[in-house]
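**Student:** Listed in order, the protein sequences are those of chains A and B. Going by numbering that gives the first Met the number 0, the first sequence opens with residue 0, and the numbers climb by one from there. Going by numbering that gives the first Met the number 0, the second sequence opens with residue 0, and the numbers climb by one from there. My questions will all concern the structure given below.
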Amino acid sequence: MSWFGQLISRRRMYADLSEEIQQHLEEKVEALMAEGMSRADAVQTARREFGNVALLEERSREVWGWPTIESLCADVSFALRQFRKSPGFTITAVLILALGVGVNSAIFSLVHHILLEPLPFPHPERLYAVWASSDAQGDSRIAASGPDFLDYNDQNRSFSNIAEMISSFTFTWTGEGEPKLVNCSSASEGLFSMLGIRPYLGRLYEPREYTYLNNDTIVVSYRFWKNQLGSDPHVVGRVIHFEDDTQTIVGVLPPMPDLFPDTDVWPKLVVRPSWSFMQWRGNKFLSVIGRVKAGITPAMAEQDLTGILRRAAGEPPDVRVRLVPLKDDLVGNVHVQLEIIMAAVALVLLVACVNVAALLLARSVKRSAEMALRVSLGAGHRRLMQQLIVEGLGLSVAACSLGILAGHFGLRLIGYLPAWRLPRVEGLHLDAAALLATAAVAIATTLFFSWVPSMTFWKLNLSSVLRRERAGGGRFQGRFFSWLVIAEIACAVVLSVSAGLLLRSFWRVQHVNPGFRPESMLTVYLRTNYYSPGGRGFWRDVLDGVAALPGVRSAALADCTPGKGAASATLLFDDRPNDPNHLPPAQGCWTSQDFFRTSGTPLIQGRFFTEADNADSPPVVIVNAETARRYWPGQNPIGKRIGVNYTGPGRTSTAAPRMREVVGIVAGIKQGTLDSPTEPAIYMPYLQDETSHDMATMSLFVRSASDPRTLANSVRTRIHAISPNQPVGDLRTMQDLMGQSLAPRRYSLLLLGAFAVLAVLLAALGTYGIVSYAASQRMQEFGVRMALGASRYSLMSHVIRNGLALTTIGAIVGASLALLANRALSQLLFQVSPLDAVSFSSAAVLLALTSIGACLPAAWRASHVDPVRALRNE
Amino acid sequence: MPIGPEKKAAQRDLFRGALEMMILQSLRRQPMHGYALVQHIRQRSNDLLQVEEGSLYPALQRMLKEELVKAEWEISATNRRVRTYKISARGLKHLERELSSFERMLTAINLVLSPAKG
């Protein structure tokens, strides 16, 4: 008979079988009755001698079928029925697991994508960023100057390829609508070939084009081509105007999400000949990227370049060259944040799994009567296990599918948080390995805790189970449940303490005195082509024009932006010997007259700049309190004289700096992020700038009488009235800007906080479930106690005490773990000790309250048990 | 007496081949239905073989599937609708083979178990 025929006649065959067995039994009964037995006795004897009808029938049917598949189908439909019958359990378990899987796969994918995935270039492990470091100068990330690079390039024996680049500056794009700033990255010959980059359209620069300085051809990024040039397929040959230059587009680069993704155009960087500012040894602003030869270790290459750099004149004797793997260099310092978030999310998964384990175990105990019945009806061990595992699989499959959805959308959401400024987020996708790993944990937990109870069902005795159903449980389970509660609470405590520490750090950072008043303040970055004192007319017009606008209190210019950054300088003193290798560093800033009045920075001593501090008057400088404290301890700096070696990019003169008189001391402005310490800083009138660099780029600051955003349009219009081709980029309030500098902190806090809340909620749910379950097992006991005179209050407190005991153990375990974990966290903390008592105690109180809340329903039921009913069940 | 799963399985396996042989041998004599088969085996063994009656049916189904026997619904002498099993040609061949190998084995076991000669 073909299997297809079997399939059709199967039903018929089974019917025959049942009838046959029925006939057999009847014939036997008749025979027994003929021997004089009563009908009832005969029926019983016939059945006993026949054996287990259901089991034998099933076994006979199995002969025909594919027993595994058929019983599997039966199990699946039974499992579905079970899920429908207890929707509360099913939904809770599925949601908890889905949450765990979703959040984890999203975060793991994020971390994998950003931190682990190799760069998409050939042999990425041989690509390094080259930095110098000097302990004497206290700087571990010194960039290279033009001559440094030429020395590396000509003398090294370790690199198959080495290139320098300027990674972020701007051009003004004119001639097509409102003038715009475009982001530029510029690289010397060799970068593209080193990274194996081929043009998307047209061509890249030819070797011939790296032999002259004039920019007549330009290569643009994929992003610029798509967003600004309308994906024009005939873009090659198109002429655009940058910086008053006419340039012909010769090529479009492919999408490069890993390499300076914000870049619009990639002008060439010519090394020989070179611009004059590239020829000074001390003008260190270039990034260097190299590919080491096969077989050369980073240490060998470092030694090679260190030797080259030390041979140059004027380098500090302890200067060393460091190679940083290019990926780490591009990713920057987010790895601490990401690793901590990953650890947090793993804890959430752990709590979720513990919760589901508890749910499954509690359910299996509830079902022990059903299982005992099935065992005594002849269900085999494998068969029972198969069914439980099918149920477990059903739960995990549903949870994982939901989890994948959640992870997918979660990841999308992270991609939409641009203010976080995570590197490499482009092309972020749910990672198959991350997903598999998390799903595997979830499935393994579900299956394991579905399977564990099946081991005990064998020991169940039907009659005792049916009789003492309510008293089941047993000591082993009780202890096991306690461990689950403790584990959950411990995880929740670790997360709450960490979130608490971050929250307190965030609060502290927000309440740092920035040294200026960011409210009612507007700022915009202005880039011009004025590289000479000819630009001063433009800046004066801008200052005067904007200051005269209605609603403007004052306006100022500076080449630094408070809260964002300042260039670096070194100081020369005329009252002490100066060691040229160890000049003390300071942040340097060229400002207009009203800078401090506009920023709202208090004067501590001396005076602000006045109109008299101009190009023709003796040069002056204002220092911040930290400079005074560090370089003139116990002295009055007013009237002292210093020279300022301005080492920021764009300096166009190497002449020795003029000596300046200190005329004022101001409060410390946070020139970096709020959580960085206030460094020594010096401020100089921009009209007294002997380097001329500042003529090109300045930020305009406007203090307004009311909401600064209402001024944005009039400021823009006024600047365009002065110079129609001047791009006026992002007009932003200082508060915005400050908020952005806090974004990484805010997001780590938000994520960790969300995970902590999740863990606490899950722990509450788990505690509730387990305590309720344990109490329901003891209802008779409570009834007896009540009958013996226990008060409601004492029963309630008994249940709550049990819950609190577990919570206390969990909190102690969690706090100890948190002590260990917080070492990793310390890098993200600000003015908060990793042992912060407030965070620890509030986490403990939070968990205690939560667990009391979770115990209350069970306690209430225990104290309202009806003794009569409880005893009747006995 | 509670019967553990292992014990049950062992019993089933032990009787598998033997039960099949007995059934085929009985059917070679004359076609029979299930109840009659049980009675027949019991009588022929002088009630020494206490076969669990039901265990006959999985064995019969197996043999049906392997086409060692054929089954048809008939009306019995006692006017009962019964399913009568007949041995097939293939069943006969199978029985011969099984019997000869069983006899060989029995002889071998006998030789081993009988007291040593000289």
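Here a beta-carbon is modelled for each residue, glycine too, at the ideal position from N, C-alpha and C.
Quick check on S895 of chain A: does DSSP put it in helix, strand or coil?
**Tutor:** Nothing about residue 895 of chain A can be reported from this structure: the residues present for chain A run from 0 to 873 only.
**Student:** Is it buried or exposed for D706 of chain A, if we count other Cβ within 10 angstroms and need 16 for buried?
**Tutor:** Numbered from 1 along the first sequence, position 707 holds the residue referred to as residue 706 of chain A. Under this definition D706 of chain A is an exposed residue.
**Student:** Give a yes or no on whether 7 Å exceeds the smallest Cβ distance from R43 of chain B to chain A.
**Tutor:** Position 44 of the second sequence, counting from 1, holds the residue named residue 43 of chain B. No, because no Cβ of chain A sits closer than 7 Å to the Cβ of R43 of chain B.
**Student:** Please tell me whether D257 of chain A and L358 of chain A are closer than 7 Å, where the distance is taken between their beta carbons.
**Tutor:** On the first sequence, position 258 is the one that residue 257 of chain A refers to. On the first sequence, position 359 is the one that residue 358 of chain A refers to. No, the Cβ-Cβ distance between D257 of chain A and L358 of chain A is not below 7 Å.
**Student:** With L212 of chain A and W274 of chain A assumed to form a contact (beta carbons below 8 Å), what rounded beta-carbon distance in angstroms separates them?
**Tutor:** As a working note, residue 212 of chain A is residue 213 in the first sequence. As a working note, residue 274 of chain A is residue 275 in the first sequence. Sure, about 7 Å apart at Cβ, within 8 Å.
**Student:** Do G377 of chain A and N51 of chain A have their CB atoms nearer than 7 Å?
**Tutor:** Locating residue 377 of chain A in the first sequence gives position 378, counting from the first residue. Locating residue 51 of chain A in the first sequence gives position 52, counting from the first residue. Going by C-beta atoms, G377 of chain A is nearer than 7 Å to N51 of chain A.
**Student:** Assuming C854 of chain A is part of the alpha helix (DSSP H), what are its boundary residues?
**Tutor:** Walking along the first sequence from the start, residue 854 of chain A turns up at place 855. Here the alpha helix (DSSP H) through C854 of chain A covers A836 to S862.
**Student:** For V81 of chain B, go through chain A and note every residue whose CB falls closer than 7 Å to its CB, in chain order.
**Tutor:** Translated into positions along the second sequence, residue 81 of chain B becomes position 82. Here the neighbours are Q22.
**Student:** For a contact defined as C-beta to C-beta under 9 Å, what are the partners of Q60 of chain B on chain A?
**Tutor:** Here residue 60 of chain B corresponds to residue number 61 of the second sequence, with the count starting at 1. Simply M12, L16, R58, S59, R60, E61, V62 and W63.
**Student:** Cα separation between P30 of chain B and L110 of chain B?
**Tutor:** One-based indexing of the second sequence puts residue 30 of chain B at position 31. One-based indexing of the second sequence puts residue 110 of chain B at position 111. Spanning the two alpha carbons is a distance of roughly 36 Å.
**Student:** Which same chain residues, not among the five before or five after F754 of chain A, have their C-beta less than 7 Å away from its C-beta?
**Tutor:** For the purposes of this step, residue 754 of chain A is identified with residue 755 of the first sequence, where counting begins at 1. Only A343, V344, V347 and L494 meet the Cβ criterion.
**Student:** So who's on the other strand from R41 of chain B, going by DSSP bridges?
**Tutor:** Looking up residue 41 of chain B in the second sequence gives position 42. DSSP, once it has assigned bridges, lists no residue as partnering R41 of chain B.
**Student:** Using the beta-carbon count (16 or more within 10 Å), is S167 of chain A buried or exposed?
**Tutor:** As a first step, residue 167 of chain A is located in the first sequence; it is residue number 168 there, counting from the start. When all chains shown are included, S167 of chain A counts as exposed.
**Student:** Does chain A have any CB closer than 7 Å to the CB of Y84 of chain B?
**Tutor:** Sequence index remark: in the second sequence, residue 84 of chain B carries index 85 (1-based). Chain A, which has no Cβ nearer than 7 Å to the Cβ of Y84 of chain B, makes this no.
**Student:** Indicate whether A405 of chain A and A97 of chain A have their beta-carbon atoms separated by less than 7 Å.
**Tutor:** What you label residue 405 of chain A is simply residue 406 of the first sequence in a count that begins at 1. What you label residue 97 of chain A is simply residue 98 of the first sequence in a count that begins at 1. Closer than 7 Å, so yes.
**Student:** Give the DSSP bridge partners of M31 of chain B, in chain order.
**Tutor:** As a position in the second sequence, residue 31 of chain B is number 32, starting the count at 1. Answer is B:Y84.
**Student:** Does the segment 786–801 of chain A come within contact of the segment 843–859 of chain A, defined as at least 3 CB pairs closer than 8 Å?
**Tutor:** Touching, yes, given that three or more Cβ pairs across the two stretches are closer than 8 Å.
**Student:** Below 8 Å, how does it come out for the segment 664–672 of chain A and the segment 620–629 of chain A: are there three or more Cβ pairs, yes or no?
**Tutor:** Yes, the segment 664–672 of chain A is in contact with the segment 620–629 of chain A.
**Student:** For the beta strand (DSSP E) that contains S286 of chain A, what are its first and last residues?
**Tutor:** Mapped onto the first sequence, residue 286 of chain A falls at position 287. Its beta strand (DSSP E) spans residues S286 to V291.
**Student:** Would you kindly work out how many angstroms separate the C-alpha atoms of D150 of chain A and G813 of chain A, rounded to a whole number?
**Tutor:** Counted from its first residue, the first sequence places residue 150 of chain A at position 151. Counted from its first residue, the first sequence places residue 813 of chain A at position 814. Approximately 56 Å between the Cα atoms of the pair.
**Student:** Would DSSP call R140 of chain A helix, strand or coil?
**Tutor:** Looking up residue 140 of chain A in the first sequence gives position 141. DSSP places R140 of chain A in strand when its eight states are reduced to three.
**Student:** Quick one: list the residues of chain A neighbouring K69 of chain B, beta-carbon separation under 7 Å, in chain order.
**Tutor:** As a first step, residue 69 of chain B must be located in the second sequence, where it is residue number 70. What K69 of chain B touches in chain A: nothing, since even the nearest Cβ is about 12 Å away.
**Student:** Taking 7 Å as the cut-off, decide whether the C-beta atoms of R362 of chain A and F88 of chain A are in contact.
**Tutor:** As a position in the first sequence, residue 362 of chain A is number 363, starting the count at 1. As a position in the first sequence, residue 88 of chain A is number 89, starting the count at 1. Contact flag set, yes.
**Student:** Could you give the DSSP three-state label for G87 of chain A: helix, strand or coil?
**Tutor:** The residue labelled residue 87 of chain A in the question sits at position 88 within the first sequence. Three-state result, G87 of chain A: helix.
**Student:** Taking 8 Å as the threshold, find out whether the segment 492–510 of chain A comes into contact with the segment 822–837 of chain A through three or more Cβ pairs.
**Tutor:** As far as the Cβ criterion goes, the segment 492–510 of chain A touches the segment 822–837 of chain A, which means the pair count is three or higher.
**Student:** Give me whichever residues DSSP pairs with Q586 of chain A in a beta bridge.
**Tutor:** The count along the first sequence starts at 1 and reaches residue 586 of chain A at position 587. Per DSSP, A:S567 and A:A680.
**Student:** From G599 of chain A to E205 of chain A, what does the alpha carbon distance come to, in whole angstroms?
**Tutor:** As a position in the first sequence, residue 599 of chain A is number 600, starting the count at 1. As a position in the first sequence, residue 205 of chain A is number 206, starting the count at 1. Each residue's Cα considered, the two are about 52 Å apart.
**Student:** Is the beta carbon of V629 of chain A less than 7 Å from the beta carbon of I641 of chain A?
**Tutor:** Position 630 of the first sequence, counting from 1, holds the residue named residue 629 of chain A. Position 642 of the first sequence, counting from 1, holds the residue named residue 641 of chain A. Note that residue 629 of chain A corresponds to Arg in the displayed sequence, not to Val. In this structure, I641 of chain A does not lie closer than 7 Å to R629 of chain A by Cβ.
**Student:** Let me see if you follow: with CB-CB separation under 7 Å, is E19 of chain B close to chain A or not?
**Tutor:** As a working mapping, residue 19 of chain B is identified with position 20 in the second sequence. Cβ-Cβ to chain A under 7 Å: no for E19 of chain B.
**Student:** Cβ-heavy atom distance between F594 of chain A and the ligand GTP below 6 Å?
**Tutor:** Looking at this structure, you won't find the ligand GTP or any other ligand, since it has none at all.
**Student:** Whose C-beta lies closer than 7 Å to the C-beta of T522 of chain A among residues of the same chain, with five residues either side of it excluded?
**Tutor:** Here residue 522 of chain A refers to the residue found at position 523 of the first sequence. Within the same chain, T522 of chain A has close Cβ partners T560, S698, L699, F700, R731, M733 and L736.
**Student:** Which bits of chain A does G33 of chain B rub up against, with CB to CB less than 7 Å?
**Tutor:** Mapped onto the second sequence, residue 33 of chain B falls at position 34. Near G33 of chain B (Cβ distances below 7 Å), the residues of chain A are E19 and H23.
**Student:** Assess contact between the segment 317–332 of chain A and the segment 128–147 of chain A, defined as three or more Cβ pairs (one per stretch) separated by less than 8 Å. Is contact present?
**Tutor:** A contact exists between the segment 317–332 of chain A and the segment 128–147 of chain A.
**Student:** V251 of chain A and W224 of chain A: beta carbons closer than 7 Å?
**Tutor:** Walking along the first sequence from the start, residue 251 of chain A turns up at place 252. Walking along the first sequence from the start, residue 224 of chain A turns up at place 225. The answer is yes: Cβ separation under 7 Å.
**Student:** I need the DSSP call for P324 of chain A, collapsed to helix, strand or coil.
**Tutor:** Position 325 of the first sequence holds residue 324 of chain A. Three-state result, P324 of chain A: strand.
**Student:** For M20 of chain B and A73 of chain A, I'd like the C-alpha separation in whole angstroms.
**Tutor:** Counting from one through the second sequence, the residue named residue 20 of chain B turns up at place 21. Counting from one through the first sequence, the residue named residue 73 of chain A turns up at place 74. Each residue's alpha carbon lies about 34 Å from the other.
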